[in-house]
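K.L.:
One gets this note's numbering by counting positions in the sequence shown from 1 and adding 166 to each. The following block contains the structure, expressed as structure tokens.
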Amino acid sequence: MAKLSVYHNGKLIRELHLQPGEEYTVGRDVTADIQLGASKGISRQHLRISYQDGNWYLQVLSQFGNVLYEGESVDELLLDSKCQFKLPPYDFHFTNEVSISKELQVMSDELPPLPDEVESSVKQDSEPEIDRNPFAVSTTTDTNTDKSESKKLPVANSHNYKAPQEIALESFSDEDTSPGATQNLVGIIKWRELNGKKKGYKFSAGSCVVGRGDKCDVTVKHNKLSRRHFEITKQNNNFTIIDLGSANGTMINGKVVSTHQPLRIESGDEISVSNFKFSFEIKDEQFAQKLNNVPVLQTPPSHHLPLPPQAAGARVVKVGRNQQRHVLRDPKEKNKYIKYAIFALVPVLIVGLLLNDKKPVPSGTVSTSSEVLTFDKLTPEEKQAVRDSFKLGKNHFNQKKYANCVSEFKKIHNIIPFYENSKELLGLCEQALDMEGEMLAQEEKERKQRELELRIETIVNDCKLRINNFKNMAEANSCIADAMTMFPDHPAILDFQQAIIIREQQERDQAAARIKRQNLINAGESLYKSASREYKGENFRKAIDLFNQYLSAQYPDPNGNRSTAQRDLASAKSKLTQKVNSLFDECKKLHSDHKYKEAIIACDKAKAEDPKNEEVVGFRNSVLSELRKEMKLIYQDAILEENLGNVDAAKEKWKKIMELDLPSDEFYKKSKSKLKKYGIGI
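Here's what the structure looks like:
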């Protein structure tokens with residue numbers, strides 16, 4: 167099962183077991199699967215971890231705050247079975263225990279079974295076990311080691327191991343620097359990272375191991391590469407490649423690389439692991455210096471060497487990146503320069519080759535570059551030592567004594583570069599030894615983490631029992647101060663602090679609610695008193711409106727005003743009805759007495775008390791209609807008298823209209839205008 171561990175200042179604060187098919191988010195949001203503290207540069211949803219095509223992948227969601235992997239900022243990352251990355255100030259350790267156990271099982275399955283005679287010889291061997299500690303590497307050396315012509319190769323887990331030095335690809339020159347045999351050749355491996363960045367690694371002696379393990383010379387975090395995938399060895403200026411028992415195999419220019427027999431590799435060859443490509447180059451670092459040391463021969467002008475025949479056609483001149491392009495106007499002048507160049511280069515190359523051939527061969531090396539130390543060239547004692555160590559190494563692997571296994575195969579390689587599949591078996595033993603060490607280290611780390619968890623939980627649980635005694639966050643933090651010193655961002659501490667925050671927020675909310683309730687009580691009291699004043703003043707219509715407003719608002723009622731308001735509302739409605747009926751009866755009586763103006767005024771009073779009383783409104787309109795008919799007849803008579811010259815009679819009729827009609831009515835206004843015409847009412 168995959169597991170993601172989160173560390174803060176070197177201390178584990180969270181572990182999450184990842185289930186295939188699920189997605190997990192990391193950030194400071196409360197909804198994140200792994201919630202981080204409110205640190206600078208961390209977003210609410212900062213990164214996502216998802217499971218795709220059998221692998222776990224990391225994807226950065228935030229535009230700010232870089233995720234660092236091996237010191238470089240990445241946007242996406244394939245998570246290996248054991249992978250570490252950083253989101254400052256947090257460290258993340260990803261482990262896939264299923265993958266680790268599968269790799270151990272695969273290594274055991276890939277190991278060929280021991281023949282019967284080997285098993286019997288091993289059982290009868292009286293050689294004592296090297297060390298009962300499975301992680302101790304033997305330091306004994308074979309007495310015949312000095313007879314081997316090959317140099318001891320660097321081992322990744324030895325005490326003098328140095329981290330591989332990667333060099334930027336731009337530092338490699340593309341010029342051809344391999345003129346003949348030389349003792350200063352270097353091998354260069356080039357590749358392109360998942361983020362597209364070009365990388366390279368250069369080595370001049372020994373060997374170079376490529377894989378996804380951290381202890382390889384070239385470490386490439388790609389899911390198709392094994393921990394120790396293949397190895398390129400330089401011996402006597404020859405470079406050979408061998409597969410170290412990888413799961414996906416190694417190919418060079420489309421040809422499968424064996425796990426038993428090294429294959430020679432040349433400059434320009436392409437190494438492929440599934441769909442991942444490496445390029446290999448061989449260069450002489452001292453080529454430019456050697457070329458400068460070659461003396462220039464002065465050829466007399468009279469000695470002309472014959473020129474090689476030239477085919478007709480266009481001449482192509484390769485111009486270097488930093489060279490200035492020159493154009494020769496005269497073709498004859500151009501041919502002259504070409505001849506001079508040929509005259510100068512031919513003797514230089516001849517002298518250079520002669521000097522190289524005469525160069526003395528250093529002691530301890532093989533003069534023929536194609537010779538490689540083989541098993542047949544060993545002495546009988548060395549052959550027997552190789553066979554014995556090979557048998558013991560395989561037996562130690564089967565018995566899971568990986569430290570002894572590594573020691574035996576190193577003895578072999580101190581004598582000879584390889585024997586059968588010794589390189590592959592050494593890689594398997596070293597991988598198993600590394601993984602055993604990692605498992606033990608992980609178990610120790612988990613044990614310490616459990617102890618720390620217990621101490622923190624004890625402190626936090628004790629403070630939880632006294633949580634009601636803390637008045638504020640400062641007092642609560644003083645209780646858990648020791649736990650905060652161990653792990654300030656521990657989930658238990660954060661939960662405890664969150665409980666204090668929630669409690670303080672609840673107290674603030676309750677105080678705000680009390681203030682709000684008191685404000686509502688005050689508003690209700692004020693409205694109730696206004697309604698009561700209108701009721702006592704017999705303004706029943708206004709009192710009814712205020713009582714309805716008070717009762718519908720549902721104000722808090724600590725003094726019991728609601729029931730009083732309901733009774734007063736009913737009383738106001740009853741008294742209003744009585745008042746309206748009294749005024750309406752008066753209106754009808756005046757109408758029956760043909761006092762239309764007074765009847766309308768009485769109806770208006772009833773209407774003012776009850777504007778929605780349709781009966782009052784309808785009766786008032788009918789009285790107004792009768793009044794207008796009567797006023798119209800009187801006005802017409804007044805006009806007739808005026809036309810006949812009886813102005814005084816007309817004036818009397820106009821005065822009568824103003825007495826009987828409403829000031830707002832039409833005939834009242836016309837009569838007033840007529841009287842003003844004759845000087846009355848000015």
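Backbone N, C-alpha and C define an ideal beta-carbon position, used for all residues, glycine too.
(1) Using only alpha-carbon positions, find the residue among S209, R378, S740 and Q608 that is nearest to T191.
(2) Contact between the region 795-804 and the region 828-840 is defined here as three or more beta-carbon pairs at a separation below 8 Å; is this criterion met?
(3) Bridge partners for G811 per DSSP, in chain order?
(4) Within a Cβ cutoff of 7 Å, which residues of the same chain sit near V423, ignoring the five residues on either side of it in sequence?
(5) Around the Cβ of E673, are there at least 16 other Cβ atoms within 10 angstroms (buried) or fewer (exposed)?
(6) My output table needs one value for H174: the three-state DSSP class, helix, strand or coil.
(7) The alpha helix (DSSP H) that contains Y694, what's its start and end?
(8) Please report how far the alpha carbon of Q452 lies from the alpha carbon of E436, in whole angstroms.
(9) Can you grab the Cα-Cα spacing for the pair V746 / E775, in whole Å?
(10) Tell me whether the region 641-656 and the region 173-185 touch, counting them as touching only if at least three CB pairs, one residue from each stretch, are closer than 8 Å.
(11) Measure the Cβ-Cβ separation of Q211 and G187 and say whether it is below 7 Å.
(12) Under DSSP, the beta strand (DSSP E) around F260 begins and ends at which residues?
(13) Rounded C-beta distance between G411 and L391? I'm assuming under 8 Å.
(14) How about G366 and F405: do their beta carbons lie closer than 7 Å?
(15) Answer yes if the region 660-679 comes into contact with the region 700-719, meaning at least three C-beta pairs across the two stretches below 8 Å, and no otherwise.
(16) Are there three or more Cβ pairs, one per stretch, closer than 8 Å when the region 572-591 is compared with the region 614-630?
(17) Less than 7 Å between C-beta atoms, sequence neighbours within five positions excluded: which residues of the same chain meet that for S837?
(18) Can you check DSSP and say which residues form a bridge with D450?
(19) If you run the structure through DSSP and keep just helix, strand and coil, what is E641?
(20) Can you give me the C-alpha to C-alpha distance between S247 and S216, rounded to a whole angstrom?
(21) Do N419 and S440 have their CB atoms nearer than 7 Å?
(22) For Q185, which of K741, D711, T261 and N787 has the nearest alpha-carbon?
(23) Go through the region 357-414 residue by residue and report every complete run of the beta strand (DSSP E) that reaches 3 residues or more, in order.
(24) Apply the 10 Å Cβ neighbour rule to R680 and answer buried if 16 or more other Cβ atoms are within range, or exposed otherwise.
(25) Out of Q225, L806, H579 and D241, point me to the one whose CA is closest to G372's CA.
(26) What separation, rounded to the nearest whole angstrom, lies between the Cα atoms of R214 and F563?
(27) For E792, which residues from the same chain have a beta carbon less than 7 Å from its beta carbon, with the 5 sequence-adjacent residues on both sides left out?
(28) Would you tell me roughly how many angstroms separate the C-alpha atoms of D770 and S696, rounded to the nearest one?
(29) Distance, Cα to Cα, L591 vs E236?
(30) What is the residue span of the beta strand (DSSP E) that E436 lies within?
(31) Would you list the residues sitting across from Y223 in a DSSP beta bridge?
(32) Once DSSP output is grouped into helix, strand and coil, what is the label at F636?
(33) Return helix, strand or coil for Y235, following the three-state DSSP convention.
(34) So N350 and D450 are in contact, right, with Cβ under 8 Å, and what is the actual spacing, rounded?
(35) I need the DSSP call for I767, collapsed to helix, strand or coil.
(36) Just how far apart, CA to CA, sit L594 and K400?
P.N.:
In terms of the structure at hand:
(1) Considering only alpha carbons, the answer is S209.
(2) At 8 Å Cβ cutoff, the stretches touch.
(3) In the DSSP secondary-structure assignment, G811 is not bridged to any residue.
(4) Around V423: F396, I407, I408, D409, T416, M417 and L429.
(5) Flag for E673 reads exposed.
(6) Strand, per DSSP.
(7) Its alpha helix (DSSP H) spans residues P657 to K702.
(8) Rounded to the nearest angstrom, the two C-alpha atoms are 25 Å apart.
(9) Whole-angstrom Cα-Cα distance: 6 Å.
(10) The way I'd put it, the region 641-656 does touch the region 173-185; three or more beta-carbon pairs between them come closer than 8 Å.
(11) At a Cβ-Cβ threshold of 7 Å, Q211 and G187 do not count as neighbours.
(12) In the DSSP assignment, F260 falls within the beta strand (DSSP E) that extends over Y256 to N262.
(13) Rounded to whole angstroms, the Cβ separation of G411 and L391 is 13 Å, and the two are not in contact under 8 Å.
(14) Contact flag unset, no.
(15) Result no; under three Cβ-Cβ pairs closer than 8 Å.
(16) The answer is no - the region 614-630 does not touch the region 572-591, with fewer than three Cβ pairs under 8 Å.
(17) Counting only residues of its own chain and dropping the five nearest sequence neighbours on each side, S837 has a CB closer than 7 Å to the CB of Y801, W820, I823 and M824.
(18) When DSSP reads this structure, D450 sits in a beta bridge with L351.
(19) E641 falls in the helix class under three-state DSSP.
(20) Their Cα atoms are separated by approximately 14 Å.
(21) For N419 and S440, no; Cβs fall outside 7 Å.
(22) The shortest Cα separation from Q185 among K741, D711, T261 and N787 belongs to T261.
(23) Annotation note: the region 357-414 contains the following uninterrupted beta strand (DSSP E) runs of length 3 or greater, listed N- to C-terminal: 364-369, 373-377, 396-401 and 404-409.
(24) Exposed, because fewer than 16 other Cβ atoms sit within 10 Å of the Cβ of R680.
(25) The shortest Cα separation from G372 among Q225, L806, H579 and D241 belongs to H579.
(26) Cα-Cα distance, rounded: 40 Å.
(27) Once the five neighbours on either side are set aside, the close Cβ partners of E792 are Y762.
(28) Approximately 26 Å, taken between the alpha carbons.
(29) Their backbone Cα atoms lie some 29 Å apart in a straight line.
(30) Taken as a continuous stretch (DSSP letters only), the beta strand (DSSP E) holding E436 covers E436 to V439.
(31) According to DSSP, which records beta bridges pairwise, Y223 is partnered with S216 and L244.
(32) DSSP places F636 in coil when its eight states are reduced to three.
(33) Here DSSP, grouped into helix, strand and coil, assigns Y235 to strand.
(34) The beta-carbon distance between N350 and D450, rounded to whole angstroms, is 5 Å. This is short enough to meet the 8 Å contact definition.
(35) Of the three classes helix, strand and coil, the one that applies to I767 here is helix, per DSSP.
(36) CA-to-CA, the gap between L594 and K400 works out to about 22 Å.
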